[in-house]
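Chemist: Each residue of the sequence shown is one higher than the one before, starting from 14 at the first, in this note's numbering. Glycine included, every Cβ here is placed at the ideal spot set by N, Cα and C.
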Amino acid sequence: MEKLKVAIIGCGSRGCETYGRLVYDLHDKFEIVALCDIRQDRLDKYSSEFKIDKKNTFLDEDEFFKEKRADVLFICVLDKDHVRVAIKGLNLGYHLLLEKPITADLDECKALLDAKKKSGKEVIVCHVLRYANAFVKVNELIEAGVIGKLVSIQALEQVGWFHQAHSFVRGNWRDTKETTPMIMAKCCHDLDLLQFYAKSRCKTISSIGDLRFFKKENMPFDATHMCVDCPHIDKCPYSAKIIYLDGWLSRGKPGNQWPFNVITEANPLTYEALSDAIKNTKYGRCVFDCDNDAVDSQIVMMEFENGITASLTMMGFTGCVGRIMKFYGTIGEIDLDEEKSVIEVKRFALPKEIIKIDDLVNPDSMAHGGGDYMIVQSLYDAIIGKNAKTTLEQSIESHLMAIAAESSRLSGGKMIKVH
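#1: According to DSSP, which residues form a beta bridge with H108?
#2: Since I believe R183 is in contact with R298 (beta carbons under 8 angstroms), could you give me their beta-carbon distance rounded to a whole number of angstroms?
#3: Helix or strand or just coil, what does DSSP make of R360?
#4: Figure out for me which residue from Y393, T217, S391 has the closest Cα to the Cα of G320.
#5: Give the secondary structure of T322 by DSSP, where H, G and I count as helix, E and B as strand, and everything else as coil.
#6: Can you give me the C-alpha to C-alpha distance between L103 and A236, rounded to a whole angstrom?
#7: Indicate whether V334 and G173 have their beta-carbon atoms separated by less than 7 angstroms.
#8: For V19 and A47, what's the separation of their Cα atoms in angstroms?
#9: What's the gap between the Cα of K64 and the Cα of D57?
#10: Grab me the residues of E15's own chain with a C-beta within less than 6 angstroms of its C-beta, minus the 5 sequence neighbours each way, in chain order.
#11: Quick one, which of R187, G161, L105, A168 has its alpha-carbon nearest D474's?
#12: Is L142 closer than 7 angstroms to L72 when the C-beta atoms are compared?
#13: Straight-line CA distance for L86 to K79?
#14: I need the boundaries of the beta strand (DSSP E) containing R336, first residue and last residue.
#15: Please classify E410 as buried or exposed, where buried requires at least 16 other C-beta atoms within 10 Å of its C-beta.
#16: Rounding to the nearest angstrom, what Cα-Cα distance links T31 and D371 in this structure?
#17: Can you confirm whether the segment 145-165 touches the segment 415-429 when touching is taken to mean that 3 or more C-beta pairs between the two stretches lie within less than 8 angstroms?
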């Protein structure tokens with residue numbers, strides 16, 4: 014079996030904690046040989062864990078890109094740097110695993126497509142839900158004609174109250190000027206799934222939504238900038254203490270798991286390290302006193318070129334995380350509910366069939382319903398000569414949809430042609 018050498022740029026939560034650990038365990042197919050990051054502590058931590066020679070770790074991106082160091086490059090840097098770094102990698106002859114979202118810029122989408130065609134290399138974008146067993150199963154049911162001809166899809170993205178606060182108020186995706194709009198950052202997965210199921214390009218799109226709650230005007234009069242000093246620290250559900258300290262304890266002091274492994278590099282995680290993080294990092298700030306502009310709710314309406322319609326609601330104010338999707342066909346419907354971990358198949362005039370999602374997922378296959386594991390396997394297959402399950406062109410389609418949705422939102426819901 015051919016073993017592929019891997020280099021990783023961006024050694025944070027996705028780069029090393031997820032994909033690095035995953036491919037390190039797949040040692041019959043992959044070998045991690047080089048790392049690049051702006052933080053020395055991350056390079057020290059993962060070079061030790063993955064047994065990488067220190068001379069193959071780089072703080073300087075330019076030095077890292079002076080030569081090709083592996084067969085495939087995992088790109089897990091900040092969103093705004095994705096295309097710039099990807100083109101550098103393609104020009105050196107790397108195959109790419111590219112973290113999503115690609116970009117919110119149309120010109121960058123075109124530039125990446127051009128670079129990919131010129132290089133002849135594989136570019137797999139981390140739309141991992143296409144590879145997750147539950148979503149794959151639904152696609153199989155639709156393609157088998159179980160509910161007849163697909164007419165419409167209704168999707169709900171339950172962001173989750175703590176995820177909204179962690180990632181889009183306090184965290185790295187809070188400022189759309191520095192990253193991408195939230196419909197892109199959070200929902201390019203959902204938009205990708207919708208066009209995956211519709212089997213068509215999106216024709217028109219309209220969207221409304223805004224930032225309603227996480228604003229200075231909603232800050233209690235006696236609240237403080239940092240949660241540790243606030244009189245509401247034990248009452249506010251968005252308190253950093255409740256989310257990170259109490260959350261860590263209530264989950265049985267888990268290992269290096271999200272979101273706790275994002276706020277501190279401590280390994281193993283400790284209560285003391287988490288306490289220090291909420292005192293001294295951005296993750297300890299009051300959610301009403303941050304530099305955020307990401308929306309906390311948004312609705313998108315779509316019509317595809319083949320006539321299928323769809324709606325997507327992205328909601329930050331939910332008690333649970335996970336997607337709920339309803340598929341309406343001419344002779345039945347399918348409900349996928351990640352929260353309840355079931356797929357319900359309701360064929361008209363026939364008994365309901367219930368498929369348990371847990372029965373479809375390997376418990377050892379990590380996050381996103383096994384999608385992270387399966388996308389790495391698919392990447393390997395594509396590089397050694399098998400057809401890629403998802404093309405770069407297909408991945409970019411969801412980004413065009415997100416760009417159009419944000420344009421519509423900023424225009425008060427105006428209908429926008431995607432192409």
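Modeler: Taking the definition as stated:
#1: Translated into positions along the sequence shown, residue 108 becomes position 95. H108 has V85 as its beta-bridge partners, per DSSP.
#2: As a first step, residue 298 is located in the sequence shown; it is residue number 285 there, counting from the start. As a first step, residue 183 is located in the sequence shown; it is residue number 170 there, counting from the start. Contact holds; Cβ gap of about 6 angstroms.
#3: Taking the sequence shown and counting its residues from 1, one reaches residue 360 at position 347. Here DSSP, grouped into helix, strand and coil, assigns R360 to strand.
#4: Indexing the sequence shown from 1 puts residue 320 at position 307. Shortest Cα-Cα distance from G320 to any of Y393, T217, S391 involves T217.
#5: Indexing the sequence shown from 1 puts residue 322 at position 309. In this structure, T322 counts as strand in the three-state DSSP scheme.
#6: Indexing the sequence shown from 1 puts residue 103 at position 90. Indexing the sequence shown from 1 puts residue 236 at position 223. Their backbone Cα atoms lie some 49 angstroms apart in a straight line.
#7: Counted from its first residue, the sequence shown places residue 334 at position 321. Counted from its first residue, the sequence shown places residue 173 at position 160. Taking 7 angstroms as the cut-off, the beta carbon of V334 is found closer than this to the beta carbon of G173.
#8: Against the sequence shown, residue 19 aligns to sequence position 6. Against the sequence shown, residue 47 aligns to sequence position 34. The C-alpha of V19 lies about 7 angstroms from the C-alpha of A47.
#9: Working through the sequence shown from its first residue, we reach residue 64 at position 51. Working through the sequence shown from its first residue, we reach residue 57 at position 44. Here the C-alpha atom of K64 lies approximately 10 angstroms from the C-alpha atom of D57.
#10: As a working mapping, residue 15 is identified with position 2 in the sequence shown. I397, listed in sequence order.
#11: The chain is shown only over 14 to 432; residue 474 falls outside these bounds and no answer can be derived.
#12: What you label residue 72 is simply residue 59 of the sequence shown in a count that begins at 1. What you label residue 142 is simply residue 129 of the sequence shown in a count that begins at 1. Going by C-beta atoms, L72 is not nearer than 7 angstroms to L142.
#13: Position 73 of the sequence shown holds residue 86. Position 66 of the sequence shown holds residue 79. Roughly 14 angstroms between the two C-alpha positions.
#14: Looking up residue 336 in the sequence shown gives position 323. First-last of the beta strand (DSSP E) with R336: 335-342.
#15: On the sequence shown, residue 410 is found 397 positions in, with the first residue counted as 1. Its Cβ being crowded by 16 or more others within 10 Å, E410 is buried.
#16: The residue labelled residue 31 in the question sits at position 18 within the sequence shown. The residue labelled residue 371 in the question sits at position 358 within the sequence shown. Taking the straight line from one Cα to the other gives about 21 angstroms.
#17: No, because fewer than three Cβ pairs between the segment 415-429 and the segment 145-165 fall closer than 8 angstroms, the two stretches do not touch.
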